[in-house]
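Remarks on the structure that follows.
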Amino acid sequence: MPRFKSCSRIHRPPSSSWIVRRAGATRAFACPFLTIHQGNTDFQRIADVPGAAMNTPSTPIYHGGAKAWAAWCIAVAFVSYYFSFQTTYSIVNASVQKDVGLSISQVGHIAAIYTWVMAACQFVSGPLLDRLGARRVLLPAIGLVTLGVLTFANARSYGMLLLAQTLVALGSCSGFVGAGYIGGTWFGWDRFSFMFGLVQFTSSLLAVLSQNLLTWALPVLHWRPLFNGAAAGGALLLGVAILWLRDAQPIRTPSGHATVTLLQGVSRSLARVARVPHAWAAAIFGALCFGVLLSLGVVWGPKLMTIRGFGGESANLASSLLWLGSAVGSFIFPWVSDRMRRRKLPILIGLVVQLCTLALLLYVPTASRAFDMVLCFVFGLGNAVHMLAFSTAADVVAKEYIGTSAALVSGIMSVVAGLMISRPGMRAASGLEQGVAPASLALAQFAARPLMAGLCLALIIALLMRETYPASRN
Numbered sequence: 158m159p160r161f162k163s164c165s166r167i168h169r170p171p172s173s174s175w176i177v178r179r180a181g182a183t184r185a186f187a188c189p190f191l192t193i194h195q196g197n198t199d200f201q202r203i204a205d206v207p208g209a210a211m212n213t214p215s216t217p218i219y220h221g222g223a224k225a226w227a228a229w230c231i232a233v234a235f236v237s238y239y240f241s242f243q244t245t246y247s248i249v250n251a252s253v254q255k256d257v258g259l260s261i262s263q264v265g266h267i268a269a270i271y272t273w274v275m276a277a278c279q280f281v282s283g284p285l286l287d288r289l290g291a292r293r294v295l296l297p298a299i300g301l302v303t304l305g306v307l308t309f310a311n312a313r314s315y316g317m318l319l320l321a322q323t324l325v326a327l328g329s330c331s332g333f334v335g336a337g338y339i340g341g342t343w344f345g346w347d348r349f350s351f352m353f354g355l356v357q358f359t360s361s362l363l364a365v366l367s368q369n370l371l372t373w374a375l376p377v378l379h380w381r382p383l384f385n386g387a388a389a390g391g392a393l394l395l396g397v398a399i400l401w402l403r404d405a406q407p408i409r410t411p412s413g414h415a416t417v418t419l420l421q422g423v424s425r426s427l428a429r430v431a432r433v434p435h436a437w438a439a440a441i442f443g444a445l446c447f448g449v450l451l452s453l454g455v456v457w458g459p460k461l462m463t464i465r466g467f468g469g470e471s472a473n474l475a476s477s478l479l480w481l482g483s484a485v486g487s488f489i490f491p492w493v494s495d496r497m498r499r500r501k502l503p504i505l506i507g508l509v510v511q512l513c514t515l516a517l518l519l520y521v522p523t524a525s526r527a528f529d530m531v532l533c534f535v536f537g538l539g540n541a542v543h544m545l546a547f548s549t550a551a552d553v554v555a556k557e558y559i560g561t562s563a564a565l566v567s568g569i570m571s572v573v574a575g576l577m578i579s580r581p582g583m584r585a586a587s588g589l590e591q592g593v594a595p596a597s598l599a600l601a602q603f604a605a606r607p608l609m610a611g612l613c614l615a616l617i618i619a620l621l622m623r624e625t626y627p628a629s630r631n
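As numbered in our numbering, the sequence shown has no gaps in its residue numbers, which increase by one up to the final residue, 631.
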């Protein structure tokens, strides 16, 4: 009789089941939390059985444990680092605009260039992680982001600010997908959705903290020394990653593996995922949803709250609640989706919540500051359903392409977010030319029409999407 016991060491790769061969009988099983101890049992992966098509390594890995959590925490710290830099731009952009001499459209373009460059590179980040592993991808990425933050802190022109954002984007493109990849390889692909949500939960919480710390620090310190200090923090993170960031198992690159061959493999992976229509539907719905959050959270949220009667610090605080709501929702929605065994219904609920709360913020006069802050939190909570775009896209591809599907979703999110960040500023300038009163709710309504339209389109796509939650998990 087999003996079972709970253990953090699981003797199977995260992306394959195992076959138990004993006395001529064959049976398949999968158990993420148990180890089987039986003296005469020969364990063999399905991937090793002739005719099985699984692209998984042959060495067992650990699920959990100190090494796993160290790698995951470093990856999440990296995501939080560049995410905090990105979100605090909503607070310092007025100071940067004044010091460097920028126009309002240039303020939006500086935020948008980050997402456009990130999008262009993000499509290949997932396949590169699949082929090179997290360590060889994330270490250079951390270095690029740190260099970008340092350039931003010392920028004296519009061109230098664009260069800084480009460097940060080049490094950031593999951060979020890399954290998801580490969660899957170290903790098992059956926990991919939950661990991905946990990444967003942690990074959003730290973004809220950094926004509020910066709000309190700006009256005392100039923004340049603050970001120079942030660059020093990035250098420290790089040192920690060099020491402790490891892959779950060695990534074996064939001898003579040329760059051309690597790029061909990346292209094949992208082409394989791109042939799945549902992956595109998930990516577009998630991109529209996330683009609205990024537009409000990075640039326009504090300006909207100022129009609604908030002071400078309270407007920043209210805007940070968008990220706090997203943090809580990113933890809740993947968990609820797994408990309900549904993807579509939670997505629809979250989109309806976003449409209602944004409409109240734009079209209903302020009842009280506390009520407006609650609306900001609830909007972020509903917006967290964009995390289910990664889950539903992963549901419809083979496990060896989950990293690629995440890169596709994240890349399209960045493209759309870049457009949606810049559109309100362009429409605000157009509204002023047409005679709309400056700093008025009417101007905010005119500028935010692309955001409302994006959420409506996301809702239509979600209604047409099919349910993809796996009927059973191996």
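Just so you know, even glycine gets a beta-carbon here, dropped at the ideal spot from N, CA and C.
My understanding is that A564 touches G283, with C-beta atoms under 8 Å, so please give their C-beta distance in whole angstroms.
-> 3 Å
Alpha carbon to alpha carbon, what distance is there between A472 and M462?
-> 5 Å
N- and C-terminal bounds of the alpha helix (DSSP H) containing M570 = 559 to 590
Figure out for me which residue from F349, L307, Q263 has the closest Cα to the Cα of R392.
-> The displayed chain sequence assigns Ala, not Arg, to residue 392. Answer by Cα proximity: L307.
Note down, in chain order, each residue of its chain lying with its Cβ closer than 7 Å to the Cβ of L327, except the 5 sequence neighbours on either side.
-> V274, C278, L301
If I'm right that F603 touches R526 with Cβ under 8 Å, what's the distance once you round it to whole angstroms?
-> The pair is not a contact, with the Cβ atoms about 24 Å apart (cut-off 8 Å).
Among G258, G337, N369, the one whose alpha carbon lies nearest that of G316 = G258
Supposed contact pair G335 and F349 - C-beta distance, whole angstroms, cut 8 Å | Contact doesn't hold; Cβ gap of about 13 Å is too wide.
Looking at the structure shown, is V553 part of a helix, part of a strand, or coil, going by DSSP?
-> coil
Check L378 in the structure and name its three-state DSSP category.
-> coil
Express the C-alpha separation of A232 and S329 in angstroms, rounding to a whole number.
-> 11 Å
What's the gap between the Cα of R496 and the Cα of F490?
-> 10 Å
What is the DSSP secondary structure of C330, reduced to helix, strand or coil?
-> coil
Would DSSP call Q406 helix, strand or coil?
-> coil
Taking C-beta to C-beta, are M609 and L515 nearer than 8 Å?
-> yes
DSSP-derived helix/strand/coil call for A619 = helix
Spatial distance of R623 from K501 (CA atoms) | 7 Å
Is L400 buried or exposed, if buried means 16 or more other CB atoms sit within 10 Å of its CB?
-> exposed
Would you check if the distance between the CB atom of V100 and the CB atom of S597 is smaller than 8 Å?
-> No statement about residue 100 is possible, as the shown extent of the chain runs from 158 to 631 and does not include it.
Mind checking which residues open and close the alpha helix (DSSP H) that includes T303?
-> 291 to 310
Give the straight-line distance between the Cα atoms of L383 and V249, rounded to the nearest whole angstrom.
-> 11 Å
When burial is assigned at 16 or more other CB atoms within 10 Å of the CB, is F632 buried or exposed?
-> Nothing can be reported for residue 632, as the shown portion of the chain is limited to 158 through 631.
Sorted by chain position, which residues of the same chain lie with C-beta nearer than 6 Å to K460's C-beta, five sequence neighbours on each side aside?
-> none
Beta-carbon proximity list for L519, same chain, < 7 Å, skipping 5 on both sides | A601, Q602, A605
Spatially closest choice to G265 from A440, H379, I578, by CA coordinates | I578
Own chain residues within Cβ distance below 8 Å of V509, not counting five before or after = G539, L616
Sub-8 Å separation of A574 and G448 beta-carbons = yes
Enclosing alpha helix (DSSP H) for H543 [first to last residue] | Taken as a continuous stretch (DSSP letters only), H543 belongs to no alpha helix (DSSP H), as it is neither H nor E.
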